[in-house]
Amino acid sequence: MRHREVGELMTRDVVTVAGQATFKDVIRTLDEHKVSAVAVTDPAGHPLGVISEGDLLPKPADQGDWFRSLPHPERWESEKAAGTKAEELMSAPPVCARPDWTVAEAARLMESQRVKRLLVVDDADVLVGIVTRGDLLRIFLRDDDAIRHEITGDVLDRTLHLDPAAVTVDVVDGKVTLNGAVRFRSLIPAVERLCRTVDGVVSVTDRLAWETDDIDTRR
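In the numbering used here, the protein residues as written are 2 to 220.
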C-alpha cells in the first residue's frame, strides 16, 4: 500500500522573509503574495519561525486603550505588539515536517502542536516547502474508482491474499462498503482497519460473512 506523502501535497514556492524584515515589509509581503503566513529564514535557507496574521494582530490591537487595560495580558501579546522586526514577531521554533512523511504523520503533528501549517525541510534542514491543513485534506478528493482499485488490488489481493472475487468493494463519495465472505471471522477487523488507512477513505462499512468462526473457538 502506498500513502501520499507531504512532498506530493506541499507548496514548493514558499513565501519567505529575512529575520531583519520590518513589520511593514512583512505586511507588504503577505499582501503582495495573497498568503496568510510567511516563513522566516536565515541566509542559508534554514527556517527560523513563522509569521501568521495572528502574530501581527497584537500591533494594531495595542493602539487602543482597551488592550492596555486588560487585567492579565498574555506575555506573547505584549512582546508581539512591541516587535518591529520579523525575528521579534515570528512564532518560533517552527513546527517542521519532512517531504517523505505521510498525510497521517503530518496531520497528527498539526493536531498535537495546534498549528495550521507545517514548514517542510530536507535532510539538511533547508526549507523546501510548506503544507497546510487544506493541502492534507485534498486526499479526500481522490476519485472513488481509484480508491476501489487500491482496496481491491493492494489491500485484499497483495496484502491479505484474499480472493478479490469473494469480496466486492463499493465506494461512493469516499465511503466504502464491503460485501461478500472471508474464510475466517478474525480477518474482518483486519480488512476493515486496512481499508480505513487507504488515502481518501471517509468511512468503511463491512457486511462481510465468514466461513469459520475462529474467534469463538479460542475461548
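Yeah, the Cβ is synthetic: ideal placement off N, Cα and C, and Gly gets one too.
One Cα belongs to Arg208, the other to His150, and the distance between them is close to 19 Å.
Exclusion of the five residues before and after Val202 leaves Ile148, Gly175, Val177, Cys196 as the residues of its chain whose Cβ lies within less than 7 Å of its Cβ. Taking Val205 as the centre and dropping the five residues before and after it, the same chain places the C-beta of Val177, Glu193, Cys196, Arg197 closer than 6 Å to its C-beta, in chain order.
For Lys25, the enclosing alpha helix (DSSP H) starts and ends at 24–34. Contact between Met111 and Ile52 does not hold, since the beta-carbon distance rounds to 18 Å and is not under 8 Å.
Bounds of the alpha helix (DSSP H) holding Gly8 are 7–10. Straight across, the Cα-Cα distance linking Gly46 with Ile216 is about 56 Å. Put simply, of Thr133, Glu54, Ser187, Val172 the residue whose alpha carbon is nearest the alpha carbon of Arg109 is Thr133.
Of the other Cβ atoms in all chains shown, fewer than 16 fall within 10 Å of the Cβ of Gly135; this residue is therefore exposed.
Look at the stretch 87–129 and you find these whole runs of beta strand (DSSP E), each 3 residues long or longer: 118–122. Straight-line spacing of the CA atoms in Arg99 and Gly50 works out to 16 Å. Cβ contact annotation for Ser37 (same chain, cutoff 8 Å, sequence separation greater than five): Leu31, Ser53, Glu54, in chain order. Taking C-alpha positions only, Ile131 is separated from Gln114 by approximately 16 Å.
A Cβ-Cβ separation of about 6 Å places Leu10 in contact with Arg139 under the 8 Å criterion.
As the crow flies, the alpha-carbon of Ala210 is around 10 Å from that of Leu179. Within the DSSP bridge table, the entry for Ala19 names Thr42 as partners.
Under the three-state reduction of DSSP, Ile216 is assigned to coil, being neither helix nor strand. Within the model, the alpha-carbon separation for Val122 versus Val104 is close to 15 Å. Taking a C-beta distance under 8 Å as the contact criterion, Leu128 and Ala22 do not qualify as a contact pair.
With a 10 Å radius around the Cβ and a threshold of 16 neighbouring Cβ atoms, Ala87 comes out buried. Non-local beta-carbon contacts of Leu157 in its own chain, meaning distances under 7 Å to residues more than five positions away in sequence, involve Leu163, Pro165, Val168 in chain order.
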